[in-house]
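Offset between the sequence shown (1-based) and this note's numbering: plus 6.
Where a beta carbon is used, it is the ideal one built from N, C-alpha and C, also for glycine.
As the structure is a computational prediction, the values presented were derived from the model and not from experiment.
Heads up: the structure comes next, in structure tokens.
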Amino acid sequence: VFEKEKIQSCLQTIYENNVIKFCDGKRGAVNGMRPNGKIDTTSLQSEEMWTGVTNAFNSLLVFEGMHEKAWGILSDLYKSMYYELGLAFQTPEALNKKNEYRSLGYMRPLSIWSIEYALEMTQ
7 VFEKEKIQSC LQTIYENNVI KFCDGKRGAV NGMRPNGKID TTSLQSEEMW
57 TGVTNAFNSL LVFEGMHEKA WGILSDLYKS MYYELGLAFQ TPEALNKKNE
107 YRSLGYMRPL SIWSIEYALE MTQ
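Structure, rendered in structure tokens:
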């Protein structure tokens, strides 16, 4: 439906603004980023990274052949959650730059399986 170049350009823009500009690119994709490159602080949700949404974003990167970015985001998020925050068995859905988290046991992080699906569909 959409041209591959436009899809990849959109994903690259999200990567540059919502991933790289949030916690030095180590915590996934923040939900809200203002045009000036600052995190949108108008709501609780806009200041957060949602694990499930970041996983879904990673699956889109895989679908589009942008594997290095996808695995980099996933690796950094894993290191943050498990090694830095000690959330090995309680992956939160929401995390902000102050390491405040919420929604332990939430179902959206299960979207990590969309990455497996993307791998299967593109091989």
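Span separating the alpha-carbon of residue i from that of residue j
i, j, result
"Leu110", "Gly78", "24 Å"
"Asn102", "Asp30", "13 Å"
"Ser15", "Leu80", "20 Å"
"Val36", "Phe28", "6 Å"
"Glu54", "Gly71", "26 Å"
"Lys12", "Tyr123", "22 Å"
"Tyr84", "Gly38", "21 Å"
"Lys44", "Lys75", "21 Å"
"Ile121", "Gln129", "12 Å"
Extent of the continuous beta strand (DSSP E) to which residue i belongs
i, result
"Tyr100", "Looking at the sequence shown, residue 100 is not Tyr but Ala. Segment 98-101, the beta strand (DSSP E) holding Ala100."
Unbroken alpha helix (DSSP H) run spanning residue i, endpoints
i, result
"Tyr123", "119-128"
"Ser65", "57-69"
Residue i classed as buried or exposed, judged by whether at least 16 other C-beta atoms fall within 10 angstroms
i, result
"Met113", "exposed"
"Leu67", "buried"
"Tyr89", "exposed"
"Arg40", "exposed"
"Ser117", "buried"
Reduced DSSP category for residue i - H, G, I as helix; E, B as strand; rest coil
i, result
"Ile13", "helix"
"Met87", "helix"
"Tyr130", "Missing from the structure shown is residue 130; the chain here goes from 7 to 129 and no further."
"Leu110", "strand"
"Ile45", "strand"
Proximity test, residue i beta-carbon vs the ligand NAD heavy atom, cut-off 6 Å
i, result
"Asn61", "Only the bare structure without any ligand can be found here, which leaves the ligand NAD out of the picture."
CB contact below 7 Å: residue i versus chain B
i, result
"Phe8", "Given the protein chain composition of this structure (a single chain), no chain B is represented."
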